[in-house]
Each structure stands twice: as C-alpha cells, then as structure tokens.
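Okay, so the sequence shown: first residue is 34 according to this note's numbering, each after it adds one. Each residue gets a CB set at the ideal place from its N, CA and C atoms; glycine is no exception.
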Amino acid sequence: MPIAAERVIPADLLDIYKKVEKQERLSVEDGVRLYQHPDLTAVGKMANIVRERLHGKRTYFVRNQHINYTNICNKFCKFCSFYAKKGGPDPYEFTIEEVKRRLEWHRDVEITEVHMVGGINPRLPYSYYMDLVRAVKEVLPGVHVKAFTAVEIEEIARVGKVTHEQALKDLIEAGLDSLPGGGIEVLSDRVHQELFGRKLDGEGWKSVARAAAGLGLLQYATMLYGHIETDFERADHLRQLRELQDETGHFVCFTPLSFHPEGTDLPDIKPMTGYTDLRNIAVARLMLDNFSHIKSFWIMNTPEVTQASLWYGADDTDGLVHEYEITYKEGEFGNKSQALTYDNMCHMIREAGREPVERDSLYQEIVRPAVVEARGRTLTPVAMAQ
Ligand code: SF4
C-alpha cells in the first residue's frame with residue numbers, strides 16, 4: 034500500500050510536493066528552499082518521482098572516450114586545475130596524429146561517442162579544429178562527435194575571423210554532431226566576474242547556444258557548483274537553462290559538476306561531499322521539467338555516490354569514459370585511464386536496483402548482438418564478459 038505523502042514529506046515541503054505531483058513548474062524560490070531544506074531524503078524522494086515517471090528503472094550509459102586536446106589556456110579561470118601553469122600541469126598540445134593514436138587505443142571497446150574539449154590556446158589555427166573533428170570520423174567512422182564548449186566556439190570563430198554561425202557550420206561540415214555544454218559554470222554575472230571574467234559571459238554563452246540550435250545541433254548543459262555561488266544563483270542558473278530550453282528545445286541532458294579545489298586558485302574552499310552532490314542532482318531534476326535526462330558524472334561524483342544518485346533524480350551515469358584528464362588526480366584510480374568496464378558499469382547500476390541501458394549520444398538504446406544472445410539464454414548483460 035502506498036505510504037501517504039504526509040508521512041515522508043515534511044509539512045513545509047508539501048506545497049512543492051503537490052506541484053511535483055501535478056507536474057507544475059517550480060519557481061526559483063522553490064528551488065532555493067529545496068537547496069536549503071534539511072531533509073535531503075524528502076527532496077530526493079520528490080526527485081525520484083519525476084525520474085521514475087520519465088524513465089522507470091532505466092539508467093543510461095554510453096561507451097565514450099574523452100580527448101582533451103590541449104591544456105594551454107589564456108583564460109586563467111580561478112576554479113580550474115586543468116590548464117598548464119607554474120607549479121601545476123605541464124603544457125601539452127596534441128597533434129592530429131596524436132589524437133588519432135589515442136583513438137586507436139580503445140578500438141576494442143566499440144566506442145560510440147568521442148567527447149573533445151580543451152583549453153583556449155591562441156596558437157591553434159582555425160583549420161586545427163576542423164582537422165580534429167575529421168580525424169575522429171576518419172579513425173572511427175559513424176562515431177558521434179560531441180565537442181567544444183561555447184567558449185571554444187568563440188575562440189574558433191575569433192581565430193578564423195568568422196561569425197559563431199560560420200564556425201559552427203564549418204565544424205558541422207567536418208563532422209561535429211553536438212556541443213557538450215560547459216563553459217559558463219554558473220549563469221551569474223557576479224560569479225563570472227569573480228572567477229572567470231576572461232571567458233565569455235552568460236549572454237555570450239546563450240548566444241552561441243541559440244546559434245547552435247538554429248543549425249540543428251543538439252546540446253548538453255552543466256553547472257559547476259561548490260565554489261562561491263549561492264543557493265539563489267544555483268536555482269537561478271537552472272531557471273535560465275529551463276527558459277533557454279523552452280526557447281530552443283535542443284538540450285538533451287543536464288549534468289551538475291562538483292568543484293574540486295585541489296590545484297586551483299581556490300584551495301581553501303572545502304571539497305564537495307556526497308550529500309551536496311545528491312542535492313544538486315535532486316534539485317536539478319525537480320527544476321528542469323523540460324530536460325529529459327539528468328546525469329551523475331561518476332568520475333566526479335564517485336561510483337558510490339552515483340549509485341545513490343539513481344534514487345535522487347539521476348537517470349544517466351555518463352559512460353565508460355576513457356582518457357578524461359580534467360579532474361584527474363594522480364593515483365586516484367590506480368592509472369591514467371579512468372574507465373569502468375562494461376561489466377562494472379552494469380554491475381554498479383544493477384547493484385543500485387536499476388536497469389542498465391547502453392545508449393547512443395541521442396539516448397537511443399543500443400542492443401548488441403551479444404546482449405540479445407545472452408537474453409535468449411536468460412543471462413543479464415552483467416553476466417557477460419566484455
Ligand atoms: Fe581555460 Fe577552461 Fe580551465 Fe577556464 S576552465 S582556465 S577556459 S581550460
């Protein structure tokens with residue numbers, strides 16, 4: 034017998050619960066209350082209602098590889114530990130041949146998506162970006178290329194002396210399939226000025242998103258949380274994304290990304306905890322009523338928090354994720370290739386009581402012949418070796 038909402042949802046959240054039940058839009062004030070309410074379980078319970086309404090137990094992942102083609106950057110964002118600096122990472126810049134070599138490393142994994150982002154390196158010519166995309170399609174024909182934040186698109190347009198639209202058109206012609214989001218961190222002028230004033234601002238970011246949508250490019254969206262942003266700024270970021278989605282309809286998925294202070298100019302900020310990670314996933318699921326998917330990026334959130342997040346609004350774990358460099362910590366995963374095998378991904382999801390579904394970049398299910406065969410023998414994908 035279902036438990037009455039009043040027994041699991043505190044009285045001061047019942048008005049929000051009723052909106053969730055009736056599928057009504059939440060306000061920014063509702064979002065702030067959800068960020069601040071002490072009963073995280075109740076917030077998660079409401080987010081789970083939305084998650085199960087949309088996806089049931091299904092939990093998506095993709096076979097993907099990341100290419101971070103350069104860490105040379107002239108933006109000096111205070112929250113960033115990725116770019117080359119004195120006392121930090123050594124500078125690098127991949128040649129096209131090096132990118133091809135890296136793509137060859139994981140041919141056995143049948144990667145369906147390559148995710149490429151990098152620093153803003155003014156030495157790279159316009160043709161480099163087109164060649165990057167072409168190189169991926171040459172080595173892995175048919176793979177989905179998700180590449181370049183709006184900040185990179187602005188740089189590509191600048192160096193090519195063309196408009197954003199023209200840069201995007203040339204990239205699409207080279208093989209670009211979607212934009213990964215990122216680059217704006219939090220849509221707040223205050224945070225922009227304090228932490229990443231050299232990058233394009235919120236209006237600039239939206240302008241690139243609109244131009245990409247006008248050309249039919251699907252996009253993803255993110256929020257970097259856990260630095261200097263307030264609860265209001267978080268909720269307002271979600272509102273702005275929701276409005277942009279109302280306008281363009283081109284966002285596929287939202288991913289909250291936690292700030293990691295090590296190696297940044299903000300070393301005194303306390304690292305995020307699983308508690309905050311779960312809350313950001315849950316509030317995003319509740320606020321972003323026009324986004325189909327909410328992702329828990331397991332590399333940042335850890336597999337353990339990602340398992341819990343599948344009951345707090347997340348329906349996606351990202352993927353097998355080969356070669357991610359941006360928040361890599363020496364020794365954290367035992368080697369430089371941070372990856373889950375197909376078996377481990379399925380196990381992680383099933384152990385959490387959810388159903389693993391391999392997807393492509395557009396969330397179409399991929400059913401491999403081996404999986405069909407195994408189902409015929411009533412085995413689960415987990416029972417198979419990759
Ligand atoms: Fe550069 Fe991106 Fe790091 Fe900012 S976040 S410093 S733009 S690599």
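According to DSSP, is residue i part of a helix, a strand, or is it coil?
i, result
"Asn323", "coil"
"Gly352", "strand"
"Tyr68", "helix"
"Val150", "coil"
"Tyr361", "In this prediction, Tyr361 scores a pLDDT of 43, lower than 50, which makes its location untrustworthy; no coordinate-derived value is stated."
"Arg401", "coil"
"Thr374", "coil"
"Gln56", "coil"
"Lys369", "Low confidence applies to Lys369: its pLDDT is 40, below 50, so where it sits in the model is not reliable enough to give any reading."
"Leu87", "helix"
"His380", "helix"
"Ala80", "helix"
"Glu262", "coil"
"Thr196", "coil"
"Tyr345", "coil"
"Arg275", "helix"
"Tyr396", "coil"
"Arg267", "helix"
"Ala75", "helix"
"Ala44", "helix"
"Tyr116", "coil"
"Lys51", "helix"
Using beta-carbon positions only, say whether residue i and residue j come within less than 8 angstroms of one another.
i, j, result
"Gly208", "Val169", "yes"
"Met256", "Pro289", "yes"
"Pro213", "His148", "yes"
"Pro304", "His293", "yes"
"Val241", "Ile186", "yes"
"Glu315", "Val61", "Note that residue 315 is Ala in the sequence shown here, rather than Glu. Cβ atoms of Ala315 and Val61: not closer than 8 angstroms."
"Glu9", "Ser394", "Not covered by the structure: residue 9. The range shown for the chain is 34 to 419."
"Ile153", "Val132", "no"
"Ser291", "Tyr345", "no"
"Tyr253", "Val285", "yes"
"Leu250", "Ser221", "no"
"Val65", "Ala268", "yes"
"Val142", "Leu204", "no"
"Val41", "Lys90", "no"
"Ile332", "Phe287", "no"
"Leu228", "Lys111", "yes"
"Val53", "Val95", "no"
"Thr281", "Ala244", "no"
"Tyr50", "Ala38", "yes"
"Met378", "Leu343", "no"
"Cys106", "Thr297", "no"
"Pro122", "Asn104", "yes"
"Ile382", "Thr350", "yes"
"Thr92", "Val390", "yes"
"Tyr68", "Arg312", "yes"
"Glu398", "Arg392", "yes"
"Asn97", "Ile129", "no"
"Arg58", "Asp322", "yes"
"His225", "Gly215", "no"
"His88", "Asp348", "yes"
"His70", "Leu47", "no"
"Asp63", "Pro43", "no"
"Leu277", "Lys239", "yes"
"Val219", "Glu262", "yes"
Kindly indicate the opening and closing residues of the beta strand (DSSP E) around residue i.
i, result
"Ala180", "His177 to Ala180"
"Pro124", "No beta strand (DSSP E) contains Pro124, which DSSP labels as neither H nor E."
"Pro336", "Element bounds for Pro336: not the beta strand (DSSP E) but the alpha helix (DSSP H), Trp331 to Ser342."
"Glu420", "Lying outside 34 to 419, the shown extent of the chain, residue 420 is not represented and no answer is given."
What first and last residue would you give for the alpha helix (DSSP H) that runs through residue i?
i, result
"Val169", "Tyr159 to Val172"
"Ile129", "Ile129 to Trp138"
"Val41", "Ala38 to Val41"
"Ile144", "Ile144 -> no alpha helix (DSSP H), and no H or E assigned at all."
"Gly193", "Ala183 to Gly193"
Name, in chain order, the residues that DSSP records as bridge partners for residue i.
i, result
"Thr92", "Pro389"
"Thr103", "Glu126"
"Asn97", "Glu146"
Taking Cβ positions only, does residue i come closer than 8 angstroms to chain B?
i, result
"Ala207", "As a matter of chain content, chain B is missing from the structure shown, which is built from one protein chain."
Check: What are the uninterrupted segments assigned as alpha helix (DSSP H) that are 4 or more residues long and contained completely in the region 199-257, given in chain order?
Finding: 222-228 and 235-247
Next item on the list: May I have a chain-ordered list of the beta strand (DSSP E) segments no shorter than 3 residues that lie completely inside the region 282-329?
Entry: 284-291
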